[in-house]
Structure formats: C-alpha cells, structure tokens
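So the sequences go chain by chain: A and B. Numbered continuously in my numbering, the first sequence closes out at residue 236. Numbered continuously in my numbering, the second sequence closes out at residue 236. Quick reminder that beta carbons are idealized off the backbone N, C-alpha and C, glycines included. Quick caveat: nothing in here was measured; it's all calculated off a predicted structure. A short worksheet on the structure shown next.
Number of protein chains: 2
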Amino acid sequence: MKSSDPKDLKLLKIEKSDDLKTHQWVYQLLRNNLLCGRIEPGKPLTIRGLAEILQVSPMPVREALHRLACEGAVEVKNNRRVIVPSMTAEKFNELSELRILLETHAAEGALPYIKQQDIEILEQMDAKIDTAVEHNDVDNISLYNQAFHRHLYCANPFQVAVPLIESLWLQLGPFSRIAISKLEKVYLVDRHVEALEALRQRNLFGLRRAIEADIRDGIASIKTVDGIHDYFEGVA
Amino acid sequence: MKSSDPKDLKLLKIEKSDDLKTHQWVYQLLRNNLLCGRIEPGKPLTIRGLAEILQVSPMPVREALHRLACEGAVEVKNNRRVIVPSMTAEKFNELSELRILLETHAAEGALPYIKQQDIEILEQMDAKIDTAVEHNDVDNISLYNQAFHRHLYCANPFQVAVPLIESLWLQLGPFSRIAISKLEKVYLVDRHVEALEALRQRNLFGLRRAIEADIRDGIASIKTVDGIHDYFEGVA
DNA sequence: ATAAGTGATTTGTGATCACAGTTTCTGGCG
DNA sequence: CGCCAGAAACTGTGATCACAAATCACTTAT
Chain A
1 MKSSDPKDLK
11 LLKIEKSDDL
21 KTHQWVYQLL
31 RNNLLCGRIE
41 PGKPLTIRGL
51 AEILQVSPMP
61 VREALHRLAC
71 EGAVEVKNNR
81 RVIVPSMTAE
91 KFNELSELRI
101 LLETHAAEGA
111 LPYIKQQDIE
121 ILEQMDAKID
131 TAVEHNDVDN
141 ISLYNQAFHR
151 HLYCANPFQV
161 AVPLIESLWL
171 QLGPFSRIAI
181 SKLEKVYLVD
191 RHVEALEALR
201 QRNLFGLRRA
211 IEADIRDGIA
221 SIKTVDGIHD
231 YFEGVA
Chain B
1 MKSSDPKDLK
11 LLKIEKSDDL
21 KTHQWVYQLL
31 RNNLLCGRIE
41 PGKPLTIRGL
51 AEILQVSPMP
61 VREALHRLAC
71 EGAVEVKNNR
81 RVIVPSMTAE
91 KFNELSELRI
101 LLETHAAEGA
111 LPYIKQQDIE
121 ILEQMDAKID
131 TAVEHNDVDN
141 ISLYNQAFHR
151 HLYCANPFQV
161 AVPLIESLWL
171 QLGPFSRIAI
181 SKLEKVYLVD
191 RHVEALEALR
201 QRNLFGLRRA
211 IEADIRDGIA
221 SIKTVDGIHD
231 YFEGVA
C-alpha cells in the first residue's frame, strides 16, 4: 500500500449530534484531525475517499473540503488535488507573527468586556490545560489552549478577528502538532496565570504582554525540537 | 414587488473566461458585486434565485455562496437564509483597525522584496487610480486601490496575510461603497505617492506610516458622509 | 377586522448520475 | 531492461432529483 493512498487515514471520529448538518459534522471532524496533526502535510485528500471512510455521500465532504481550502487549512493544487500544505520556515515565522499581532489586538479589545464570570471560566480552562500538560496529552493541550484563547477574545461582542485567528491556528496546527509530538515533555511557563492576573487588574499592557509571551513560548518550544528543520518543506 | 425579492437584483455581469470553473465565475461575479455595494446589506440571497438570474445550475451558486460565507462576505442565518450582513459602528471601527494592523505588517514584510519593476508597476496603478478619482469613478477607485495594495503585499513570496486582508476588504466593501457613493467628490491626499517614495528609499517606517495614513484617510473620508449613521445597522 | 391555524410553495441539503480531465497501470516496442 | 503509448480507473465538477424544514398565503374562528 502506498503511503499516499488517500484511504490510508486513521481519523479521530466525533459523534454526530442531531442538530448538526452532515457537512458541518464532516467539517468539524476534518478540522479537528487537521489541528491534531493526524492528517500529515502532503497527504492527498479525495472527496470520494473521505466519503467512503466517513460513510457519507460525497456531497457534504465536497463542501467541507472547500471550506477548509478557503480557510487555508488544505490546499487545492492546479491538478485539483487537495493536499495538506507543507510548512516552510518563512511561512511558520510569518504565521506566528500574525498570531501575535491579531491575538494581542483581540485580547486588548476584549478586556473591557471581561466579567468576573469570564475570569472564573478561564481559570477552569487553564486548570484543564495544566492537567493535560501533566499527562503530556498533546491533543488536549492544543484543544483546551485554543478554547482558552477563544473564550477570552470572544468576550468582545463586536469581535471580528477571531475567524482570522482561527484560520492561522488551522494553518499552524498540523505542523505544530508534529513538532510538539517530538518533544519528550511539554514544559511551559504558565502565561495564562499572568494573563488572568492582568485581567483581574484590568491591566491592558500586562495582558498584551502575557498573550504575546504565551505565543512566543509556544514558538520557542517548537523550535527546541531536535531536527526541527527536517519537518519543514520536504516531509515525505 | 417586495423589496426583499431575491430575484430583484441588478447584477454587474462579467464575461466567463473558458479556463474558469463555473463556480469560480459565480464567486468572482458575486464578489465584485458585493465589493461594489450592488448587493445591499440585508438583501436575502437564494441559491435558486441567483441560479436563475445567472443561468447556471444551483450547484455552482451553492459553492460560491458557501465560500463567501466563509470569508464573512455574506452571513448564513439560523433559518439558513443567506443575507449580506449589516454594518455597525463598532464592527466598522474594528475592521478598520485590523486593516491597519495587517496591512502595515504586510507592507513591512514586502519591502525587502520590492524590485524596481514593482515600483514602476505600482506607479502605473497609482496613475490609474488618479484617473478614476478625477472621473469620480467609484467602482474603479476601489478596484484599482485594492490592486495597488495587493501587488505591494504580494511582493513577499512568503505572504500569508493577504487572504486575511481580502476578507476584511470583503466585509468592509458593501458598506464603504454605499457610504462613498454619497460623497459628491472623492478627495484624498495621495498617500500612494508617499508610499512609493518610501519604497524607493527602502524606508520601513515611512512605508508603514504611508499605508496607515492611506487607510485612515479612507476611513475619515467615509465618516465625513452626511448622515453616515443612518447607514449603520438598520438599513431598510 | 384581527389573529391564529392550515395548506401550498420555496428553501437548503444530500444523494445519485453523467462527463471531462488527470493519473495510474499495463502492455508492447526499442 | 528501459521507455513510451494507450487503456482503465479515478478525480472533481455540474446537473437533476428527493426530502425535510421553513416561509408565505389564505382561510377560518373569534
């Protein structure tokens, strides 16, 4: 069996709730698997192949793939082949810089709307992250971390940056996951504690600094991976 | 005839080149019409209605609408009705701030890659903008202006911010157009000349300042529109 | 006359089919 | 043994149909 066989995929399934349209279910499922790095860069994805794996008709898969392509999570080649884009060092740096730009801005915009209840929710989320870090549960570290950031930014009811930020996460996801999975142990200074403290004090500059530090820690952590350069561009 | 009739649409058609897929043609057509403000906020769009107007099957229209929804150009309501989102003052300010953030960043990243040839192309584009301004040709002012900015940012081959920026343009487009069309005469200090001068001198800070000034001028120009607040939120 | 109820129409979604372009496999030639 | 042509399989795209949900319009009861 060729390694590029579109059907050679171990997908993390999620249950399909009834109020979810089929194409939304397929989209979220593929999205999760991309963020988890379960679908590696360079992997060709086909509509019919995925439809067979997921036991749905090709139509909802078509829509989900188009949406993911629109968000930059997958790339439609000229040959109309759909693949997970490979990462380059320059692209990685650029995406990281954009994350810092947009997320510090989003945090700043959210600060005035943060209520005590939000802080409590964020504390609970951070606790879940800590637990995941203890267990070295890379999947949940990513998922809970994103949930933490999303809840913070979405406190601003006039938020429009979050979709852009999620697009960045989607593009960084597959690569980050592969890199992080090479780490023996994920160790991070808990910048979320600093962010929470800044939220309580309504300290705008402190919040921006905590968010930026949080993102930069993640980047630095990835860059400590031994032989990280092998994972840029030319992944077989 | 009800004003909300989906078929009551005067769409600006574009010729369909042969190497363009039908759904891409529909997408670009709708995109242009949205940017031109020809489809006003609040207008309901239906798949079958558009398919009949454009004389294509519902399928490519479905894909085009989904893509536009993904980019924030149209909004899919809970009732699965698709409408052009209305603008609020807060959303407008937020989108404008994000434009400044992302575009100054993109300009900075592009500067090292700008060649003499690029500067000449940009000069020609700026001349076309000037001509459009003279003739008060709002359609082309927008189009050429976007082309100018896009060419500048895309000089960086590792560019990843442009899709995000284009999403912002799409969300601002319909509203800006309606606002600008109320102006008797578009008058702007030509910040592009300043940007070009900064490019020649490889002046990073000057370039950022020119881009920011260019965007802020546009915002200020829109805000001079008499009764601008009538066009926020509750457009009939 | 107004408002609630009910049937008819329209909507988006998903499935299936036909088709053109691409890739891949295969068989025959140099 | 290597290489290239041709066929077979596969891919994405677009069209059409069936269906459930939502909307609209008309009727009816108060």
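Euclidean distance between Cα positions of residue i and residue j
i      : j      : result
A:P44  : A:M59  : 18 Å
B:L196 : B:T104 : 14 Å
B:I222 : B:A179 : 6 Å
A:V235 : A:V84  : Only weak support exists for where A:V235 lies, its pLDDT of 41 falling under 50; the coordinates are left without a value.
A:D217 : A:A210 : 10 Å
B:E52  : B:R31  : 18 Å
A:N79  : A:S86  : 17 Å
B:A198 : A:L102 : 25 Å
B:M1   : B:G49  : Residue placement at B:M1 is poorly supported in this model, since its pLDDT is 37, which falls under 50; the coordinates still yield a value, given next. When rounded, the distance between both Cα atoms is 15 Å.
A:L35  : A:K128 : 18 Å
B:K13  : B:E123 : 29 Å
A:C154 : A:I100 : 16 Å
B:V160 : B:E120 : 24 Å
A:L207 : A:L29  : 33 Å
B:E40  : B:P174 : 7 Å
A:D118 : A:R150 : 12 Å
A:D139 : A:G42  : 21 Å
A:E166 : B:E134 : 41 Å
B:V189 : B:N203 : 20 Å
B:K238 : B:S181 : No information on residue 238 of chain B is available, as it lies outside the stretch 1 to 236 that chain B covers here.
B:L111 : B:N33  : 32 Å
B:E108 : B:L20  : 33 Å
B:I219 : A:D18  : 44 Å
A:N156 : B:S142 : 30 Å
Within chain A, partners of residue i - CB distance below 7 Å
i      : result
B:A161 : L98
B:L95  : V160
Beta-carbon neighbours of residue i, restricted to chain B and to distances below 9 Å
i     : result
A:E15 : The premise fails here: A:E15 is roughly 22 Å from chain B at the closest Cβ pair, so nothing lies under 9 Å.
A:E75 : Correct list: empty, because the minimum Cβ distance to chain B is about 12 Å.
Under 7 Å by beta carbon: chain B residues contacting residue i
i      : result
A:G173 : The premise fails here: A:G173 is roughly 14 Å from chain B at the closest Cβ pair, so nothing lies under 7 Å.
Chain-ordered chain A contacts of residue i [CB-CB under 8 Å]
i      : result
B:S181 : Here the premise fails: no neighbours, minimum Cβ distance about 23 Å.
B:S167 : P163, L164
B:E212 : Simply none; closest approach about 14 Å.
Cross-chain neighbours of residue i in chain B, by beta carbon under 8 Å
i      : result
A:F205 : Those within 8 Å of A:F205 in chain B number zero; the least Cβ separation is about 17 Å.
A:G72  : V160, P163
Is there contact between the stretch 131 to 150 of chain A and the stretch 88 to 101 of chain A, where contact requires at least three CB pairs shorter than 8 Å? Judged by Cβ distances under 8 Å, the stretch 131 to 150 of chain A makes no contact with the stretch 88 to 101 of chain A, as fewer than three pairs qualify.
Could you say if the stretch 61 to 72 of chain B and the stretch 24 to 36 of chain B meet the contact criterion of at least three C-beta pairs nearer than 8 Å? Yes, the stretch 61 to 72 of chain B touches the stretch 24 to 36 of chain B.
Of the residues that make up the stretch 101 to 115 of chain A, which ones have a beta carbon closer than 9 Å to any beta carbon in chain B? Flagged, chain order: L101, L102, H105, G109.
Could you name the residues of the stretch 31 to 43 of chain B whose beta carbon sits closer than 8 Å to any beta carbon of chain A, in the order they occur along the chain? Listed by position, the residues of the stretch 31 to 43 of chain B near chain A (Cβ gap below 8 Å) amount to none.
Check each residue of the stretch 44 to 70 of chain A: if its Cβ is closer than 7 Å to any Cβ of chain B, include it; give the result in chain order. Listed by position along the chain: E63, H66, R67, C70.
If you measure beta-carbon to beta-carbon, which residues of the stretch 78 to 92 of chain B are closer than 8 Å to chain A? T88, E90, K91: these are the residues of the stretch 78 to 92 of chain B whose beta carbon lies less than 8 Å from some beta carbon of chain A, given in chain order.
Jot down the residue ranges of each uninterrupted beta strand (DSSP E) in the stretch 55 to 88 of chain B, minimum 3 residues, whole runs only, in chain order. Those beta strand (DSSP E) runs which fall completely within the stretch 55 to 88 of chain B and span 3+ residues do not exist here.
Residues of the stretch 118 to 129 of chain A in Cβ contact with chain B at a cutoff of 7 Å, in chain order, please. Under the 7 Å Cβ criterion, the stretch 118 to 129 of chain A contributes no residue.
What are the uninterrupted segments assigned as beta strand (DSSP E) that are 3 or more residues long and contained completely in the stretch 193 to 220 of chain A, given in chain order? Entirely contained in the stretch 193 to 220 of chain A, not one beta strand (DSSP E) run reaches 3 residues.
Completely contained beta strand (DSSP E) runs for the stretch 109 to 192 of chain A, where each covers 3 or more residues: Those beta strand (DSSP E) runs which fall completely within the stretch 109 to 192 of chain A and span 3+ residues do not exist here.
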